[in-house]
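Report on the structure given below.
Number of protein chains: 2
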Amino acid sequence: MHRGVAVATWKFGQAAVAASGAALSDGGSAMDAVEAGIRVAELDASEHSVGYGGLPNEDGVVQMDAAVMDGATLDVGAVASLEGVRAPISVARRVMTDSRHVFLVGEGAGRFARKHGFGVEETLTDEARRKWQEWRGSPNRNGDGHDTIGLLSLDADGNLAAGCSTSGVGFKEVGRVGDSPLIGSGLYADNEGGAAAATGLGEEILKFCMSFQVVEFMRAGLPPTEACRAAASRMLARRPETAEHMAAVVALDPQGRAGGYATRDGFSYAVWRDGEATYTEVTVVRA
Amino acid sequence: MHRGVAVATWKFGQAAVAASGAALSDGGSAMDAVEAGIRVAELDASEHSVGYGGLPNEDGVVQMDAAVMDGATLDVGAVASLEGVRAPISVARRVMTDSRHVFLVGEGAGRFARKHGFGVEETLTDEARRKWQEWRGSPNRNGDGHDTIGLLSLDADGNLAAGCSTSGVGFKEVGRVGDSPLIGSGLYADNEGGAAAATGLGEEILKFCMSFQVVEFMRAGLPPTEACRAAASRMLARRPETAEHMAAVVALDPQGRAGGYATRDGFSYAVWRDGEATYTEVTVVRA
Chain A
3 MHRGVAVATW KFGQAAVAAS GAALSDGGSA MDAVEAGIRV AELDASEHSV GYGGLPNEDG
63 VVQMDAAVMD GATLDVGAVA SLEGVRAPIS VARRVMTDSR HVFLVGEGAG RFARKHGFGV
123 EETLTDEARR KWQEWRGSPN RNGDGHDTIG LLSLDADGNL AAGCSTSGVG FKEVGRVGDS
183 PLIGSGLYAD NEGGAAAATG LGEEILKFCM SFQVVEFMRA GLPPTEACRA AASRMLARRP
243 ETAEHMAAVV ALDPQGRAGG YATRDGFSYA VWRDGEATYT EVTVVRA
Chain B
3 MHRGVAVATW KFGQAAVAAS GAALSDGGSA MDAVEAGIRV AELDASEHSV GYGGLPNEDG
63 VVQMDAAVMD GATLDVGAVA SLEGVRAPIS VARRVMTDSR HVFLVGEGAG RFARKHGFGV
123 EETLTDEARR KWQEWRGSPN RNGDGHDTIG LLSLDADGNL AAGCSTSGVG FKEVGRVGDS
183 PLIGSGLYAD NEGGAAAATG LGEEILKFCM SFQVVEFMRA GLPPTEACRA AASRMLARRP
243 ETAEHMAAVV ALDPQGRAGG YATRDGFSYA VWRDGEATYT EVTVVRA
């Protein structure tokens, strides 16, 4: 019997899947593994695109987006534009279990968090503030960075789960939401098809419901990497301008096979499997 | 040459598609028709689930969600938890054309609206306030109503567009967002597949990316009604508890064929086609 699998986007995914693997080895569920892994990336202040230490919006305020999905039941929980919480993935999970709704945004998401015991935390680090001040003073004020953590897990009971967390494009407009907290775009999980999570320019990813699309391709019989490649290829064919941006997706099927692909080079993801962590660089698709 | 087609959910869809048809007859685009039709439902104060006159959240504040999608380009614009605007569909369209992002929520959505010339309007009617006061005083404080307007259009150039607008479940938690402003869940449009829009309990619809699913089924060759039926059937099979709730979807294919289906009886939609408006009642699927 396997002890489970965890897959996560980007280099910070290595520490994340290690934490997920520890949770799985302790008998945790796929959802426990998703939360444990993503929290590691969120609480790492040196990462400027996720959780604590993330770059703020144009006003200098960190607004975070996160979501989880349970592949056994299709239950979901999501928050967007949440302020004052360093690890928003735990609020998203709490929305799933404790709200009559599934997606809370802005002030309402913060109010839900306080009501359920999450204290008000400082989320802006000195380094992120300094970067924001530099941005304010620069002539070219474009946004910066979009390295969402997406994490997928399969547990020993054969259940899949997916999660996503980001502080969003650095210096974004107030209230901007990308694909990360959107079910089907930033993440999707269904025990009967597979799980997927996306990262990159959310404004493009959400036009294609990229994670749902990958799960649909796996449901139709494609292995994970081929499912990711097919989704990236469709995006490039339908909107060739996406080749200028990073749009990447990872997938995990109900048999525990993992894969990933991207619209351009430079993407990487990490896999934990029965105690063995691996790190994969994925290169460009030109389909 | 046809002058276009418009399809909209529910009984208020009749007045909406009439306005869409007028826009199409004047040479307007599918997107013009979507905006014109949805504005009619939004500005009708007697409708308690959309725009002005919509039921407020638990705090007595009206928070609205809306989105548009252009099937030619896949461009999208969306707002959620927007306050102080009676016709949020026009703000969603403005996000599509004038923001570097595509989805703005909460305070940020309001700030974008003011910056682009939308004044602060009173959105709570006396009748909606009275219903909220009754709800506050009642022992059984469940939410009420979820009759989103979803509107699809095909113009004389063969372009598809989709739009969605709602004030959400009455007396919802502050910041609650359902499927309506979520691309792929509440709406989807792609000239190469078709267009779809969903209405009903958003918390269930978004678990299935229902609108994207319907477009995928049309892309694979199903006619609109069969595509909607297949999506409703999958939902009922995967989560049988959805039979207790209304989840309905309408579809329009690139050839101008329209259809709709629902998880239970009582759903209706309206179609405008070359000057002829029709009204269709759709009954329950038991697949």
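Protein chains in written order, with the numbering used here: chain A, 3 to 289; chain B, 3 to 289.
Beta carbons are placed, not taken as given, at the ideal position from N, Cα and C, and that holds for glycine.
Note that the structure is predicted; figures quoted are calculated from it, not measured.
Judged by DSSP secondary structure, A:Arg275 falls within the beta strand (DSSP E) whose first and last residues are Phe269 to Arg275. With a contact defined as Cβ atoms closer than 8 Å, B:Asp192 and B:Gly73 qualify at about 5 Å.
For A:Asp159 and A:Asp28, the gap between their C-alpha atoms comes out near 13 Å. According to the DSSP assignment, B:Leu84 belongs to the beta strand (DSSP E) that extends over Val78 to Leu84. For the stretch 103-114 of chain A, the set of residues with a beta-carbon nearer than 9 Å to any beta-carbon of chain B comprises His103, Val104, Phe105, Leu106, Val107, Gly108, Glu109, Gly110, Ala111, Gly112, Arg113 and Phe114, in chain order.
Using beta-carbon distances, A:Val179 counts as an interface residue toward chain B, with a partner under 8 Å.
Below the 7 Å Cβ cutoff, chain B contributes Glu175 as neighbours of A:Ser101, in chain order. When the beta-carbon positions are compared, A:Pro226 and A:Leu254 come within less than 8 Å of each other. Between the stretch 89-99 of chain B and the stretch 87-103 of chain A, the count of C-beta pairs closer than 8 Å stays below three; the two stretches do not touch. If you draw a straight line from the Cα of A:Ser169 to the Cα of A:Asp128, it comes to about 16 Å.
If you draw a straight line from the Cα of A:Phe214 to the Cα of B:Leu203, it is about 20 Å long. Restricting attention to B:Ala233, B:Thr244, B:Ser187 and B:Pro141, the CA atom closest to the CA of A:Cys211 is found in B:Ser187. Shown here, A:Thr99 sits in a helix according to DSSP, grouped into three states. The C-beta of B:Ser83 comes closer than 8 Å to at least one C-beta of chain A.
Around A:Glu205, the beta-carbon contacts reaching into chain B at under 9 Å are Val78, Arg102, His103, Val104 and Phe105. Excluding residues up to 5 positions away in sequence, Ala250 and Val284 lie with their Cβ nearer than 6 Å to the Cβ of A:Ala264 in the same chain. The alpha carbon of B:Tyr54 has as its nearest neighbour, out of B:Met66, B:Ala115, B:Glu60 and B:Ala234, the alpha carbon of B:Met66. In this structure, the CA atom of B:Met237 is about 18 Å from the CA atom of B:Leu184. Annotated as distal: A:Ala222 and A:Gln16, with beta-carbon spacing of 8 Å or more.
Of A:Ser270, A:Glu246 and A:Cys166, the smallest CA-CA separation from A:Ala80 is found for A:Cys166. When A:Glu243, A:Thr11, A:Val179 and A:Ala25 are compared, the shortest CA-CA separation from A:Gly277 is found for A:Ala25. Looking at the backbone, the Cα of B:Ala234 and that of B:His247 are separated by about 12 Å. Partner residues in the beta bridge of A:Thr280, as assigned by DSSP, are A:Val273. When only Cα atoms are considered, B:Pro256 and B:Ser31 end up about 15 Å apart.
Counting along the chain, the unbroken beta strand (DSSP E) around A:Leu254 starts and ends at Ala249 to Leu254. Taking C-beta atoms under 8 Å as the contact rule, A:Thr244 and A:Gly262 fail to qualify, at a distance of about 17 Å. Under the 8 Å criterion on CB atoms, A:Gly202 is classed as non-interfacial with respect to chain B. Check the Cα spacing between B:Ala164 and each of B:Asp34, B:Trp12 and B:His4: the tightest is with B:Asp34. DSSP places B:Ala25 in no beta strand (DSSP E) but in the uninterrupted alpha helix (DSSP H) bounded by Gly15 to Ser27. By the CB criterion at 8 Å, A:Ile151 and A:Ile40 fall inside the cutoff. Annotation for B:Leu153: no alpha helix (DSSP H) segment contains it, though the beta strand (DSSP E) segment containing it runs Ile151 to Leu156. Counting C-beta atoms within 10 angstroms of its own C-beta, A:Ser48 has fewer than 16 neighbours from the protein chains shown and is therefore classed as exposed. Using a Cβ distance threshold of 8 Å, B:Glu123 and B:Val171 do not count as a contacting pair. Lys209, Cys211, Phe214, Glu218 and Arg240: these are the residues of the stretch 209-240 of chain A whose beta carbon lies less than 7 Å from some beta carbon of chain B, given in chain order.
Distance from the Cα of A:Asp100 is smallest, within the candidate group A:Trp137, A:Glu109 and A:Phe114, for A:Phe114.
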